[in-house]
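Only one structure is covered here, and it is reproduced in the block below.
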Amino acid sequence: MNSPDTQRCPMVDFVNLISGKWAIPILYRLIVIGAPVRFSALQRAIAPITQKELTKQLRLFEQRGLVRRTVYAEVPPRVEYEITALGRSLRPTLDSLAGWMRGHADQLLRAPHLAPEQPN
Numbered sequence: 089m090n091s092p093d094t095q096r097c098p099m100v101d102f103v104n105l106i107s108g109k110w111a112i113p114i115l116y117r118l119i120v121i122g123a124p125v126r127f128s129a130l131q132r133a134i135a136p137i138t139q140k141e142l143t144k145q146l147r148l149f150e151q152r153g154l155v156r157r158t159v160y161a162e163v164p165p166r167v168e169y170e171i172t173a174l175g176r177s178l179r180p181t182l183d184s185l186a187g188w189m190r191g192h193a194d195q196l197l198r199a200p201h202l203a204p205e206q207p208n
């Protein structure tokens with residue numbers, strides 16, 4: 089039997105799974121869209137993310153079963169991304185986080201460490 093001291097914290101596992109500045113915005117946008125979306129449209133929806141970072145995150149999500157990538161044999165090739173059922177199961181959690189942020193944004197963004205830096 090595992091004692092509380094030897095059990096892994098599920099939040100550590102979650103953060104390791106969904107890590108990176110852009111991870112949650114990408115997943116949330118795919119969940120909200122709820123349909124296949126082309127890379128360029130996804131990149132515009134999450135601007136100012138770079139192509140390199142979006143590619144990296146989408147590959148990780150695909151490996152983890154959160155996102156499905158479909159390549160169409162067309163010229164030029166068309167690639168679409170779509171959230172999987174496993175990825176969609178994150179919706180209540182991400183909706184809750186979004187609601188919490190909306191409810192506390194004024195207080196949190198007013199904190200001195202989050203205030204925009206002033207030029208010297």
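So the sequence shown is numbered by our numbering: it starts at 89 and just counts up by one. Backbone N, C-alpha and C define an ideal beta-carbon position, used for all residues, glycine too. These figures come from a predicted structure and were not determined experimentally.
From the DSSP output, which residues share a beta bridge with residue i?
i	result
E141	Bridge partners of E141: none, in fact.
R126	E168
Classify residue i: buried if its beta carbon has 16 or more other beta carbons within 10 angstroms, exposed otherwise.
i	result
F102	exposed
Q95	exposed
Q151	exposed
Q195	exposed
V155	buried
N208	Note that N208 scores 49 on pLDDT, short of 50, meaning its location in the model is unreliable; the coordinates nonetheless yield the value given after this. Exposed: under 16 other Cβ atoms inside 10 Å.
L146	buried
L197	exposed
Are the beta-carbon atoms belonging to residue i and residue j less than 8 angstroms from one another?
i	j	result
R175	L118	In the sequence on display, residue 175 carries Gly and not Arg. The answer is yes: Cβ separation under 8 angstroms.
A135	E170	no
L185	F149	no
E168	V125	yes
G153	T181	no
Would the segment 153-163 count as touching the segment 130-142 if we require 3 or more Cβ pairs under 8 angstroms? no
As an exercise, report each continuous alpha helix (DSSP H) stretch of at least 4 residues that is fully enclosed by the segment 128-184, in chain order. 139-151 and 173-176
Just list the alpha helix (DSSP H) runs in the segment 94-123, keeping only unbroken ones of 4 residues or longer that don't cross its boundaries, in chain order. 98-105 and 111-121
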